[in-house]
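Student: Position one of the sequence shown corresponds to residue 23 (this note's numbering), numbered consecutively onward.
Cβ coordinates follow ideal geometry from the N, Cα and C atoms, glycine included.
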Amino acid sequence: MKIFNFKLVSPKIISSKINGIVMCKNKLIVLVTLLTALAGFTESALAYHVNDAKSAIRVRDYAKALKIYKILANENNAEAQYQTAAMYKSGRGVKKNSKSAVYWLKKSARQGHAKAQYHLAMSYEKGEGTSSNIKLADKWYRASAKQNYSLAKKKLRTKTAGSTKTTSGKRITLHRAALKNDINTLRTLLDNGANINKLDEYGKTALMVAVEQSHIEATKYLLSRKAKKEIRDSNGDTVLLISTRQNYTKITKLLINSRANVTRKDNKGNTPLILTARNGNISSAKYLIKHKANIDKKNKKGLSAIDMASRENHKKMVALLQQHGAKLPSKKVKKVTASSLSVAELKKLSKSNQMYKGWSGLMVATWLGEIKAVKKLLASGNSEIDKPDNEGHTPLSRAALKGNNKILLLLLSHGAQTEGKHKNGKTALYWAVMKNHEMTVKKLLDAGANPNAQLADGNSVLHYAAQQKNSNLVKYLLDKDASINAQNKKKETPLMLAAGKGHADTVSRLLQHKAEVNYLNNKKQNALWYAARSNQPKIARQLLSNGIKVNIKDNQGYSILAYAAKSGATSLIDIIIDKGVDIDAANASGNTPLILAADRGQLQTVKAILVAGSNPNKKNKLGNSALMVAASQGHTAVVKALLDDGADIDIKNKNRDKAITLATAAGHKNIVKIIEEKEKNSGLLSIFN
Numbered sequence: 023m024k025i026f027n028f029k030l031v032s033p034k035i036i037s038s039k040i041n042g043i044v045m046c047k048n049k050l051i052v053l054v055t056l057l058t059a060l061a062g063f064t065e066s067a068l069a070y071h072v073n074d075a076k077s078a079i080r081v082r083d084y085a086k087a088l089k090i091y092k093i094l095a096n097e098n099n100a101e102a103q104y105q106t107a108a109m110y111k112s113g114r115g116v117k118k119n120s121k122s123a124v125y126w127l128k129k130s131a132r133q134g135h136a137k138a139q140y141h142l143a144m145s146y147e148k149g150e151g152t153s154s155n156i157k158l159a160d161k162w163y164r165a166s167a168k169q170n171y172s173l174a175k176k177k178l179r180t181k182t183a184g185s186t187k188t189t190s191g192k193r194i195t196l197h198r199a200a201l202k203n204d205i206n207t208l209r210t211l212l213d214n215g216a217n218i219n220k221l222d223e224y225g226k227t228a229l230m231v232a233v234e235q236s237h238i239e240a241t242k243y244l245l246s247r248k249a250k251k252e253i254r255d256s257n258g259d260t261v262l263l264i265s266t267r268q269n270y271t272k273i274t275k276l277l278i279n280s281r282a283n284v285t286r287k288d289n290k291g292n293t294p295l296i297l298t299a300r301n302g303n304i305s306s307a308k309y310l311i312k313h314k315a316n317i318d319k320k321n322k323k324g325l326s327a328i329d330m331a332s333r334e335n336h337k338k339m340v341a342l343l344q345q346h347g348a349k350l351p352s353k354k355v356k357k358v359t360a361s362s363l364s365v366a367e368l369k370k371l372s373k374s375n376q377m378y379k380g381w382s383g384l385m386v387a388t389w390l391g392e393i394k395a396v397k398k399l400l401a402s403g404n405s406e407i408d409k410p411d412n413e414g415h416t417p418l419s420r421a422a423l424k425g426n427n428k429i430l431l432l433l434l435s436h437g438a439q440t441e442g443k444h445k446n447g448k449t450a451l452y453w454a455v456m457k458n459h460e461m462t463v464k465k466l467l468d469a470g471a472n473p474n475a476q477l478a479d480g481n482s483v484l485h486y487a488a489q490q491k492n493s494n495l496v497k498y499l500l501d502k503d504a505s506i507n508a509q510n511k512k513k514e515t516p517l518m519l520a521a522g523k524g525h526a527d528t529v530s531r532l533l534q535h536k537a538e539v540n541y542l543n544n545k546k547q548n549a550l551w552y553a554a555r556s557n558q559p560k561i562a563r564q565l566l567s568n569g570i571k572v573n574i575k576d577n578q579g580y581s582i583l584a585y586a587a588k589s590g591a592t593s594l595i596d597i598i599i600d601k602g603v604d605i606d607a608a609n610a611s612g613n614t615p616l617i618l619a620a621d622r623g624q625l626q627t628v629k630a631i632l633v634a635g636s637n638p639n640k641k642n643k644l645g646n647s648a649l650m651v652a653a654s655q656g657h658t659a660v661v662k663a664l665l666d667d668g669a670d671i672d673i674k675n676k677n678r679d680k681a682i683t684l685a686t687a688a689g690h691k692n693i694v695k696i697i698e699e700k701e702k703n704s705g706l707l708s709i710f711n
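1) Skipping 5 residues on each side, what residues in its chain have a beta carbon closer than 6 Å to that of N703?
2) Cβ of S265 within 8 Å of Cβ of I253?
3) Less than 7 Å separating the Cβ of V661 from some heavy atom of the ligand MN?
4) Quick one: grab the DSSP three-state call for Q626.
5) Buried or exposed: where does Y734 fall if 16 or more other Cβ atoms within 10 Å of its Cβ makes it buried?
6) Let me know the alpha helix (DSSP H) ranges lying completely inside the stretch 460-543, each 4 residues or longer, listed in chain order.
7) Could you pull the start and end residues of the alpha helix (DSSP H) that N685 belongs to?
8) Assuming W162 is part of the alpha helix (DSSP H), what are its boundary residues?
9) Can you tell me which of the three DSSP states K152 falls into?
10) Quick one: what's T274 bridged to in DSSP?
11) Are P559 and L533 close, meaning C-beta to C-beta below 8 Å?
12) Using the DSSP secondary-structure output, state which residues sit across from K641 in a beta bridge.
13) Between the alpha carbons of K242 and L310, how many angstroms are there, rounded?
14) Helix or strand or just coil, what does DSSP make of K242?
15) For my contact list, L151 and K175 are in at a C-beta cut-off of 8 Å; report their separation, rounded to the angstrom.
16) Would L60 be called buried (16 or more neighbouring beta carbons within 10 Å of its own) or exposed?
17) Mark E239 as exposed unless 16 or more other C-beta atoms lie within 10 angstroms of its C-beta, in which case mark it buried.
18) Which complete alpha helix (DSSP H) runs does the stretch 284-361 hold, if anything under 4 residues is left out?
19) In three-state terms, what does DSSP make of T227?
20) Which one or two residues does DSSP pair with K575 in a beta bridge?
21) In terms of residue numbering, what span does the alpha helix (DSSP H) encompassing N96 cover?
22) Use the C-beta contact count for V463: other C-beta atoms within 10 angstroms, 16 or more gives buried, fewer gives exposed.
23) Compute the beta-carbon to beta-carbon distance between V603 and V572, rounded to the nearest angstrom, for a pair I have assumed lies under 8 Å.
24) Which of the three DSSP states is assigned to A107 in this structure?
25) Should I407 and L432 be called a contact, given that it needs their Cβ atoms to be closer than 8 Å?
26) Just curious, the alpha helix (DSSP H) that A562 is in, first and last residue?
27) Give the secondary structure of T266 by DSSP, where H, G and I count as helix, E and B as strand, and everything else as coil.
28) Taking the Cβ atom as the reference point for each residue, do T440 and P417 lie within a distance shorter than 8 Å?
29) In angstroms with no decimal places, state the Cα-to-Cα distance between R132 and A688.
30) Please report how far the alpha carbon of A216 lies from the alpha carbon of L201, in whole angstroms.
31) I'd like to confirm the pairing. Which residues does DSSP put opposite T416 in its beta bridges?
32) Between Q624, D527, V628, L467, which has its C-alpha nearest D666's C-alpha?
33) Assuming M330 contacts A299 under a Cβ cut-off of 8 Å, what Cβ separation, rounded to an integer in Å, is found between them?
34) Within 10 angstroms of the Cβ of G522, are there 16 or more other Cβ atoms? Answer buried if so, exposed if not.
35) Hey, out of A591, Y541, R286, N543, whose CA is closest to A554's CA?
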């Protein structure tokens, strides 16, 4: 029997253990001496191969596997060194020891082992088992990437592009992470060199996005990472101006505490205090004043904070500002009555009072609701009935905006034009609809207002009415032959917008008037997609009972089930499934509805899709299954549900990673334990196969 192979014996081993053998002429002595020397290697490199360690792992003898790996590692076997590191890192066959893991990773990495180089880089990046060192992390990521190790190449792309991808294949930017209030992704992107102050296509920073969404956590985190607060967006707003404009008290205080400039003005000259006064937000106003906001600053129209508060009838705000020295204008607007003001005085008022600068006397009287003054001006024959103000409003559109039907009818009876347009293209009918003035809408339509007027973006009056929570507005427009299937520039119909807003009564009204359910927007989505956005099962049922198609895909390859799963429309899932949709229809990235729901941690959706017979082991184009994406994202309950349904823990993606690998890399220890327990019970191979 052949005992050994000379090719496997290291020359150094032979020379260190056998002295003077080469010169010996007696072959028998040579053989005896060699056998004696080799006997000292009771468990040497001659005795084991990496596959022997894997065999030990198959029977869950991790201690033996580690013993074999270490023997081979000491013989400078790079793969064995990497696997030894992996076992120390995971605690398989030995107590977890990050320092020992790094020790063996270094040895393997120096020999050119791509995976070891990648994991050594991760250790340096995270400071696990060694001191954090970004330069060394970058060095080893690059070394691994040079060998075409895909994870390293992706990591380097992330570091340069300031974005990353989820396991479902969707690219995540800093702005999207801020939009989702995703602190972990923000941290990862910033740690990898993303520009915290980069502007997106809309001219906004990630901090602006977080503030706009009122995401306290994301705002705090971005501020802690020194995000700039004084950058202006395309509207000229800083984050504090955005916050005060949108009336976000907590965010406003947070920004002020972070030393945001309280004196900055927007493009119209409004300060944060002016915007706050307009909103009537006492708490924010007190905080701004406490931090030295100037109460007397005026905007480009000459209006101060107290002017704004007075104009909006915020009496408590007026009182607060007066307590701090603000004064109402000395030239107060006189109450306009037929007996107190002449036509000349009304005209003078429009010139002398900053609030009504550029307004005609009729416009002032209309806005103040002084019907007698309106009558006087109309009777004078010199009322400039259709003259617009600086914003493009006419007296009729002002009356419609206020919902003052008596003055509206007076103006109409004197020939006011219904189709006069504001600078933004809106007619009086639009303003009445937007303000939900039901009777004003009816009176304008009865007077001949165009029910099919459209703006530059293609939105008709009916599009606006469909978004109001008042189906009567839609009824009045349809009774006047408004185009029920009109499409805007995005090819959206009123039905789609009503479904998206969750207005079931309006949807019902539109369907009663035979609205077409199968029109598609420019993303190839029908109204069901909009019902999914609002998560309205009643609307979904209405649409389905009217023959809307369910087995279609949008331009990104999403089926309605996939879109509902992605959007979190859990209440629609069973309804859609009952219509016989393809349960595993994948989108352009290969993500099935189950993968999308698992990626977002939507447990009830996952369970419903599994009950309907979805295959839990379908993979997307990156090779990730639903279990993998759930494990990567840390969705413990979803992982359990998938495992209970028979999800395969041994599936590998294109990077040769398993679910447990992804969970380990993401630091989700509970999920790692759950999968390990599953491995023990099923007798499957470990993560390190």
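Tutor: Reading from the atomic positions:
1) Answer for N703: no residue qualifies.
2) Contact flag unset, no.
3) The ligand MN is absent from the structure shown, which contains no ligand whatsoever.
4) Three-state result, Q626: helix.
5) Nothing about residue 734 can be reported from this structure: the residues present for the chain run from 23 to 711 only.
6) Listed in chain order, the complete alpha helix (DSSP H) runs (minimum 4 residues) inside the stretch 460-543 are 460-468, 483-488, 493-501, 516-523, 526-534.
7) Asn is not the amino acid found at residue 685; the sequence shown has Ala there. DSSP places A685 in the uninterrupted alpha helix (DSSP H) bounded by 681-687.
8) Note, W162: alpha helix (DSSP H), 156-168.
9) Correcting the residue type first, residue 152 is Thr in the shown sequence and not Lys. Here T152 sits in coil by DSSP.
10) T274 is not bridged to any residue.
11) With contacts defined as CB atoms closer than 8 Å, P559 and L533 fail to qualify as a contacting pair.
12) According to DSSP, K641 bridges with S647.
13) About 19 Å.
14) Under the three-state reduction of DSSP output, K242 falls in the helix class.
15) It should be noted that the sequence gives Gly, not Leu, for residue 151. Not confirmed; about 24 Å, so no contact.
16) Because the pLDDT at L60 is just 40, under 50, the model does not fix this residue reliably, and the point stays unresolved.
17) The residue in question, E239, is exposed, as its Cβ has fewer than 16 Cβ neighbours within 10 Å.
18) For the stretch 284-361, whole alpha helix (DSSP H) runs of length 4 or above, ordered along the chain, are 294-301, 304-312, 327-333, 337-345.
19) In the structure shown, T227 sits in coil (DSSP, three-state: anything other than H, G, I, E or B).
20) Partner residues in the beta bridge of K575, as assigned by DSSP, are S581.
21) Looking at the DSSP string, the run of the alpha helix (DSSP H) that includes N96 is 84-96.
22) It is buried - the Cβ of V463 has at least 16 other Cβ atoms within 10 Å.
23) Sure, about 5 Å apart at Cβ, within 8 Å.
24) Note: A107 maps to helix in three-state DSSP.
25) Taking 8 Å as the Cβ cut-off, I407 and L432 do not qualify as a contacting pair.
26) Here the alpha helix (DSSP H) through A562 covers 559-567.
27) Secondary structure of T266 (DSSP, three-state): helix.
28) No.
29) For R132 and A688, the distance between alpha carbons rounds to 25 Å.
30) For A216 and L201, the gap between their C-alpha atoms comes out near 16 Å.
31) Beta-bridge analysis with DSSP links T416 to no other residue.
32) Put simply, of Q624, D527, V628, L467 the residue whose alpha carbon is nearest the alpha carbon of D666 is V628.
33) Rounded, the Cβ-Cβ distance is 5 Å, consistent with contact.
34) Taking a 10 Å sphere around the C-beta of G522, we find 16 or more other C-beta atoms and assign the residue as buried.
35) Checked all of A591, Y541, R286, N543; the closest Cα to A554 is A591.
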